[in-house]
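Single-structure report; data block below.
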Amino acid sequence: MGLEKQRKFPLMKHLYSIVVVIGSCFVLSACGSKGGLMQNLQNKGSNDEFSQRMPLKLHAKAVLLYRDDGSGNFDLNNREQNTLFLDFLEQNNLIYSNFQRPANLENCYNGTDFIPDAKIRFEFDIVQVRNTYYWNYLNSGADMKVKNFNNLTPHGNWYMKPLDDSLHLKTKQAPAINIYFTSDGSIHDEMQMTKGESHKNTMGGQAAAQLPDRRNMHRSSMVHFPNRYLKYLVHRHQSPKDFNTTWDETRNWNLNDAKGLAHELGHTLGLAHINEHHRANQCSYSLMSQAGSHARNWLPPTEIKKIHENLSHTNLMQFVDKDSWYGTTAQINTDSHWNTKRRYYSSFDVQEGVKLQISDTVILPVQSRLNLRKNAQLEIIKPGALIDSYGNTYKNIEQHSSARIIR
Numbered sequence: 000m001g002l003e004k005q006r007k008f009p010l011m012k013h014l015y016s017i018v019v020v021i022g023s024c025f026v027l028s029a030c031g032s033k034g035g036l037m038q039n040l041q042n043k044g045s046n047d048e049f050s051q052r053m054p055l056k057l058h059a060k061a062v063l064l065y066r067d068d069g070s071g072n073f074d075l076n077n078r079e080q081n082t083l084f085l086d087f088l089e090q091n092n093l094i095y096s097n098f099q100r101p102a103n104l105e106n107c108y109n110g111t112d113f114i115p116d117a118k119i120r121f122e123f124d125i126v127q128v129r130n131t132y133y134w135n136y137l138n139s140g141a142d143m144k145v146k147n148f149n150n151l152t153p154h155g156n157w158y159m160k161p162l163d164d165s166l167h168l169k170t171k172q173a174p175a176i177n178i179y180f181t182s183d184g185s186i187h188d189e190m191q192m193t194k195g196e197s198h199k200n201t202m203g204g205q206a207a208a209q210l211p212d213r214r215n216m217h218r219s220s221m222v223h224f225p226n227r228y229l230k231y232l233v234h235r236h237q238s239p240k241d242f243n244t245t246w247d248e249t250r251n252w253n254l255n256d257a258k259g260l261a262h263e264l265g266h267t268l269g270l271a272h273i274n275e276h277h278r279a280n281q282c283s284y285s286l287m288s289q290a291g292s293h294a295r296n297w298l299p300p301t302e303i304k305k306i307h308e309n310l311s312h313t314n315l316m317q318f319v320d321k322d323s324w325y326g327t328t329a330q331i332n333t334d335s336h337w338n339t340k341r342r343y344y345s346s347f348d349v350q351e352g353v354k355l356q357i358s359d360t361v362i363l364p365v366q367s368r369l370n371l372r373k374n375a376q377l378e379i380i381k382p383g384a385l386i387d388s389y390g391n392t393y394k395n396i397e398q399h400s401s402a403r404i405i406r
C-alpha cells in the first residue's frame, strides 16, 4: 500500500503536513493483531475467568516526526527500515501476550498465580508528520547537557499538544493512544553523517508517558519515545563493528528495545514503577522496572487486572475498539448501583431477586447480553443511560417474565 492521504493544517505559527498511512502496510509484514471489576461480581478477575477472555484491541498511532524536507526519521519506502519499524511495534504485542513465569518471586509478588497473557492487543497505525519544530524534541525545553528531562514528559501544555489535539480531536479515525517518535535535533545530522559512529558521547533522551485520566474521559493519552531512528543507525552500522557480530544479531537487539516502549505503554495503561508488592526497580522481572539490564518480561496478575480496570473507567475506554469484548459472562449476585461512567466488556447475568441501578452512562459490548433472572430489577435513573459500544440504546436485554425494567 502506498501513501493514501496528505493533508495540511495550520497549527499556531507552525505549519505541518501530515501523511496518514492506514493499516501501516508498505510491505508484506505483520501490521498488528486484529483481533471494572466490582466487588459483587462472582469470581471477579479470577485467573480461570481471565484465561477464558478474548483479548481487547486498543488503537494506537505511531506518529513519526520528520523535518519539513521529509528527512530525520525512518524511510518507510525503504524495505529494511519499514520492516524493522513494523516489527518493533508488533514486538509490543508479543511482550504483552507472552509473559514469562519468574524463576523467583522474592521482592516481586506475594502470590503464586501467573497470567501469561495480558489479553490486550495494540493495533498500530502509522502517521507521518513533517514539521521541523515538533521533530526536534529540544524545542520542548528539555536540555540534555544539564540533564533536564522534565519537558520530555507529555502533559497538557506540552510543546506537541497542538499537534496532539489535531490528531485526537480533528480526525475521522478512531481515537488512539498517540506515540510520538522524535529526534534530538542537535545531534541528528552528525549521527546521520557518521552512521551512528558518534553515538558514544551524544546519545540522550528519555521516554515518557501520561497516566490515564479518571475525570476527563475524552482526554488524549500521549507517549514520547525519542531517538528511535538514531538508535537504528547505531544498531545497523556501528554495533556489528563494535561487537564483531552481524546485523541479524544487532537487529534483534534493536527489537529488544521494544521493552522500553512496552514499559511506557504500561504507564499509559495506569501502571507505575512501584506497586503493593515491590518498590521501584526491586523486581528484575517486572516490565515496569527502569533497569535496561533486567529481564522485564512479566507483570504481577494484580497489575494486569489493574490495566483492565483502567480500560473500564478512565479515558482509556475510548481507545478500545468498538467490537472488542471478552466473550464471557459476569454474575451480579447482590444489589448494585453503577453510578460512574463505565465501559464493560462482558455480558452480565443479574441473579434472582437482585436489583441493578444505573445513574450514569454505562457502555456494554454490542455482542453482549444483559440477562435479568426471576424477580430481578433493572432501574435506569436519570441522567443514567445504558448504551452499546456504538453509542446506540442498549437493546440486548433478556428478562424473566417476573423481572422488571424501570426507566
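To convert, note that position 214 of the sequence shown is 213 in numbering that gives the first Met the number 0; the numbers rise steadily by one, no gaps. Don't be surprised by glycine CBs; every beta carbon is placed ideally from N, CA and C. All values derive from a computational prediction rather than experimental measurement.
How would you label Ile186, buried or exposed, when you count the other beta carbons within 10 angstroms and need 16 or more for buried?
-> Ile186 is buried by the Cβ-count criterion.
From Gln172, Tyr179, Thr152 and Lys171, pick the residue whose C-alpha is nearest to that of Leu162; which is it?
-> Looking at Gln172, Tyr179, Thr152 and Lys171, the one whose alpha-carbon comes closest to that of Leu162 is Tyr179.
Give the single residue among Lys240, Thr327 and Gly110 whose Cα lies nearest to the Cα of His276.
-> The residue from Lys240, Thr327 and Gly110 with its alpha-carbon nearest to that of His276 is Gly110.
DSSP state of Thr339 mapped onto helix, strand, coil = Residue state, collapsed to three classes: coil.
Helix, strand or coil: how does DSSP classify Asn391 here?
-> Three-state DSSP puts Asn391 in coil, outside helix and strand.
Less than 8 Å separating the beta-carbons of Val126 and Leu166?
-> Val126 is a Cβ neighbour of Leu166, given a cutoff of 8 Å.
Compute the Euclidean distance between the alpha carbons of Lys160 and Ala402, then round it to the nearest angstrom.
-> Between Lys160 and Ala402, the C-alpha separation is close to 50 Å.
Which residue or residues does DSSP assign as beta-bridge partners of Met221?
-> Its beta-bridge partners are Asn177.
Is Gln350 near Gln330, with beta carbons less than 8 Å apart?
-> In this structure, Gln330 lies closer than 8 Å to Gln350 by Cβ.
Reduced DSSP secondary structure (H/G/I, E/B, other) of Lys240 = In this structure, Lys240 counts as helix in the three-state DSSP scheme.
Along the chain, which unbroken stretches of the alpha helix (DSSP H) at least 4 residues long are found entirely within the stretch 120-151?
-> Fully contained in the stretch 120-151 are the following alpha helix (DSSP H) runs of length 4 or more, in chain order: 131-134.
Closest by C-alpha distance to Thr313, when choosing among Ser400, Arg227, Pro382 and Pro211 | Checked all of Ser400, Arg227, Pro382 and Pro211; the closest Cα to Thr313 is Pro211.
Whose C-alpha, out of Leu254, Arg342, Asp334 and Glu248, is nearest the C-alpha of Lys321?
-> Lys321 has its Cα closest to that of Arg342, out of Leu254, Arg342, Asp334 and Glu248.
Inter-residue spacing [alpha-carbon to alpha-carbon] between His399 and Arg368 | Looking at the backbone, the Cα of His399 and that of Arg368 are separated by about 13 Å.
His307, buried or exposed, once every other Cβ within 10 Å from all chains shown has been counted against 16 | Counting every other CB atom within 10 Å of its CB across the protein chains shown gives His307 a total of 16 or more, marking it as buried.
Does the distance from the C-beta atom of His234 to that of Asn253 stay below 8 Å?
-> Yes. Within cutoff.
Reducing DSSP to helix, strand and coil, say where Arg403 ends up.
-> In this structure, Arg403 counts as strand in the three-state DSSP scheme.
Ranges of the alpha helix (DSSP H) found wholly within the stretch 67-123, counting only runs of at least 4 | Unbroken alpha helix (DSSP H) runs of no fewer than 4 residues, entirely contained in the stretch 67-123, are found at 78-96, following chain order.
Rounded to whole angstroms, what's the CA-CA distance from Gly383 to Thr392? Just pull it up for me.
-> Those two C-alpha atoms are separated by around 12 Å.
Top-ranked residue by Cα proximity to Ile303, from Arg78, Tyr108, Glu79 and Leu75 = Among Arg78, Tyr108, Glu79 and Leu75, the Cα nearest to that of Ile303 belongs to Tyr108.
For Cys282, the nearest candidate out of Lys169, Thr267, Leu268 and Pro299 (CA to CA) = Taking only the C-alpha atoms, the option nearest Cys282 is Pro299.
Cβ-based burial, Asn76 [other Cβ within 10 Å; buried from 16] | Looking at its Cβ environment, which holds fewer than 16 other Cβ atoms inside 10 Å, Asn76 is exposed.
Give me the Cα-Cα distance between Ile396 and Arg278, rounded to the nearest whole angstrom.
-> Each residue's alpha carbon lies about 45 Å from the other.
Thinking C-alpha only, which one of Ala375, Asp359 and Gln366 is nearest Leu385?
-> When the alpha-carbon of Leu385 is set against those of Ala375, Asp359 and Gln366, the nearest one is in Asp359.
Between the CA atoms of Arg250 and Met287 - distance to the nearest angstrom | Each residue's alpha carbon lies about 23 Å from the other.
Out of curiosity, what's the CA-to-CA distance linking Phe73 and Phe224?
-> Rounded to the nearest angstrom, the two C-alpha atoms are 14 Å apart.
Which of helix, strand or coil does DSSP assign to Asp430?
-> Given a span of 0 to 406 for the chain in the structure shown, any question on residue 430 remains unanswerable.
Does the separation of the CB atoms of Lys118 and Val319 fall below 8 Å?
-> No, they are not a contact pair.
Do Ala271 and Asn280 have their CB atoms nearer than 8 Å?
-> No, the pair does not count as a contact, with Cβ atoms beyond the cut-off.
Helix, strand or coil: how does DSSP classify Tyr325 here?
-> DSSP places Tyr325 in coil when its eight states are reduced to three.
Between the CA atoms of Ile404 and Gln376 - distance to the nearest angstrom = If I take the Cα positions, the gap works out to 6 Å.
Ignore the nearest five residues each way along the sequence and tell me which others in Leu229's own chain have a CB closer than 8 Å to its CB.
-> Taken in chain order, the residues that qualify are Ser182, Asp183, Ile186, His187, Met190, Gly195, His198 and Met202.
Tell me whether Tyr389 is buried or exposed, calling it buried when 16 or more other Cβ atoms sit within 10 Å of its Cβ.
-> Exposed is the label assigned to Tyr389, since fewer than 16 other Cβ atoms lie within 10 Å of its Cβ.
For His217, count neighbouring C-beta atoms within 10 Å of its own C-beta (all shown protein chains included) and say buried if the count is 16 or more, exposed if not.
-> Looking at its Cβ environment, which holds fewer than 16 other Cβ atoms inside 10 Å, His217 is exposed.
Which first and last residues belong to the alpha helix (DSSP H) in which Glu189 is found?
-> Where Glu189 is concerned, the enclosing alpha helix (DSSP H) stretches over His187 to Thr193.
Compare the C-alpha of Asp387 against each of Gln205, Ile362 and Val62 and name the closest.
-> Per the C-alpha coordinates, the member of Gln205, Ile362 and Val62 positioned closest to Asp387 is Ile362.
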